[in-house]
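Since the structure comes first, as structure tokens, the remarks are kept for the end.
Protein chains in written order, with this note's numbering: chain A, 25 to 311; chain B, 64 to 200.
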């Protein structure tokens, strides 16, 4: 390899180095954000749990309530709420999820009239709108630490689609957070609400104004809460996925740097050897 | 003296936890004063302040609650709210702006309109926040 090759390799090393700096910084940021997201998910749990307790004990107490949100009806149209990220660099985070959604859509539905999608996150929106899936609502550019107020409207719209009979069931598709290195694409049926079991040691409540009316007030809120919890979970998953992806990107970059450095050193040595032998042979020609 | 535990939680966090002599809240059917050993009860709340009177005479805490549901058990009250704020965390400027905006919308849009109802609720929230903030000063 001649002198020109050395410079190219050197440039290559530099560029990989700067890439690895970026991926390393992104990994550290993701780690910090992951901690924050996890804290938020943790902080939201008491509300969701309490809400479930109350809903369960009311629904059980009123003996198989006739509230439409608790009753399965023949499915003519299905709604999907999918939670994706706005930014990439998160490995298979969005890809796996969207693949799962398109797969279950393909399995369940034969035409585009049979389902509609509510999308959170720009990645999902771009993917689904490009493939001309019916999108009922969308919300992009959510913060990494979303507030309830940020998604209240879209969650309410999703629940209203069901309440008004536009859709007959509602699925929630998101990445469930298992651990920092493991996230699982999950699909759960949100509405109608799954069979309710009476929570243990729940007291028998009095209701004001009436059990049915309290339930009518609570159930949409409960469904919205579930969407919000899933969003917080998904955000934690996103950071976890990004952390892992950026971690392995950094590792790969370092490996590459090592490889190129070795090639660089070899080329440098070869060039020096060549130069010396040129000088020696030049000198011996003068004798 | 007998007290009852109270917790106010929003989807984001636990806002308030304490012991109360009596808790006064505005349910959809009217004002409720909850004393210890109250019968188990669930009721949605109106957009209104919740007043927690503490065990020490004269001490009380006012919490601005909207979109709330109150669950009462014998020994504990839990308020689940979409938003809940203590007086010192209320952004008065923001509430003032929200109030003006809501009033403007109410003046512009016709009644029965969807936006009209929204503006009405927004106005209620803003007014409640302002009154709670004022009381807390």
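From the three backbone atoms N, C-alpha and C, an ideal C-beta is built for every residue, glycine too. Just so it is clear, the structure is predicted and the values come from calculations on it, not from any experiment.
Burial state of residue i (16 or more Cβ within 10 Å)
i, result
"residue 304(A)", "exposed"
"residue 128(B)", "buried"
"residue 77(B)", "exposed"
"residue 272(A)", "exposed"
"residue 191(A)", "buried"
"residue 297(A)", "exposed"
"residue 312(A)", "Residue 312(A) lies beyond the residue range present for chain A, which begins at 25 and ends at 311; the question has no answer from this structure."
"residue 119(B)", "exposed"
"residue 51(A)", "buried"
"residue 57(A)", "buried"
"residue 158(A)", "exposed"
"residue 75(B)", "buried"
"residue 186(B)", "buried"
"residue 269(A)", "buried"
"residue 100(B)", "exposed"
"residue 59(A)", "exposed"
Rounded C-alpha distance that separates residue i from residue j
i, j, result
"residue 181(B)", "residue 114(A)", "38 Å"
"residue 111(A)", "residue 131(A)", "29 Å"
"residue 167(A)", "residue 281(A)", "35 Å"
"residue 97(A)", "residue 138(A)", "15 Å"
"residue 301(A)", "residue 47(A)", "43 Å"
"residue 148(B)", "residue 214(A)", "30 Å"
"residue 86(B)", "residue 95(B)", "8 Å"
"residue 64(A)", "residue 256(A)", "7 Å"
"residue 163(B)", "residue 103(A)", "37 Å"
"residue 287(A)", "residue 294(A)", "10 Å"
"residue 165(B)", "residue 198(B)", "22 Å"
"residue 194(A)", "residue 216(A)", "7 Å"
"residue 97(B)", "residue 191(B)", "21 Å"
"residue 153(B)", "residue 196(B)", "6 Å"
"residue 126(B)", "residue 138(B)", "20 Å"
"residue 199(A)", "residue 145(A)", "13 Å"
"residue 209(A)", "residue 81(B)", "40 Å"
"residue 290(A)", "residue 55(A)", "38 Å"
"residue 204(A)", "residue 93(A)", "34 Å"
"residue 168(B)", "residue 178(B)", "8 Å"
"residue 248(A)", "residue 183(B)", "22 Å"
"residue 76(A)", "residue 151(B)", "30 Å"
Cβ pair residue i, residue j closer than 7 Å
i, j, result
"residue 201(A)", "residue 260(A)", "yes"
"residue 207(A)", "residue 61(A)", "no"
"residue 92(B)", "residue 232(A)", "yes"
"residue 66(B)", "residue 89(B)", "no"
"residue 108(A)", "residue 165(A)", "no"
"residue 196(A)", "residue 79(A)", "no"
"residue 314(A)", "residue 284(A)", "It is not possible to answer for residue 314(A), since the shown part of chain A is limited to 25 through 311."
"residue 140(B)", "residue 230(A)", "no"
"residue 251(A)", "residue 179(A)", "yes"
"residue 105(B)", "residue 145(B)", "no"
"residue 239(A)", "residue 82(A)", "yes"
Where residue i sits in the DSSP three-state scheme
i, result
"residue 144(A)", "strand"
"residue 130(B)", "coil"
"residue 75(B)", "coil"
"residue 263(A)", "helix"
"residue 275(A)", "helix"
"residue 111(B)", "strand"
"residue 164(A)", "coil"
"residue 288(A)", "helix"
"residue 98(B)", "coil"
"residue 199(A)", "strand"
"residue 186(A)", "helix"
"residue 136(B)", "coil"
- Task: Name, going along the chain, the residues of the stretch 82 to 100 of chain B whose beta-carbon falls closer than 9 Å to a beta-carbon of chain A.
- Result: 90, 91, 92, 93 and 95
- Give the residues from the stretch 47 to 71 of chain A that approach chain B closer than 9 Å (Cβ to any Cβ), ordered along the chain. 64, 67, 68, 70 and 71
- With 8 Å as the limit, tell me which residues of the stretch 149 to 162 of chain B have their beta carbon closer than that to any beta carbon of chain A; keep them in chain order. none
- Could you list the residues in the stretch 105 to 119 of chain B with a C-beta less than 7 Å from some C-beta on chain A, going in chain order? 105, 106 and 107
- Task: May I ask you to list, following chain order, the residues of the stretch 228 to 249 of chain A that have a beta carbon less than 9 Å from some beta carbon of chain B?
- Result: 228, 229, 230, 231, 232, 233, 235, 237, 238, 241, 242, 245, 248 and 249
- Task: Mind checking the stretch 176 to 206 of chain A against chain B and listing, in chain order, the residues whose C-beta falls within less than 8 Å of any C-beta there?
- Result: 176
- Query: Between the stretch 81 to 107 of chain A and chain B, which residues of the former have CB atoms less than 7 Å from a CB of the latter, in chain order?
  - Reply: 82
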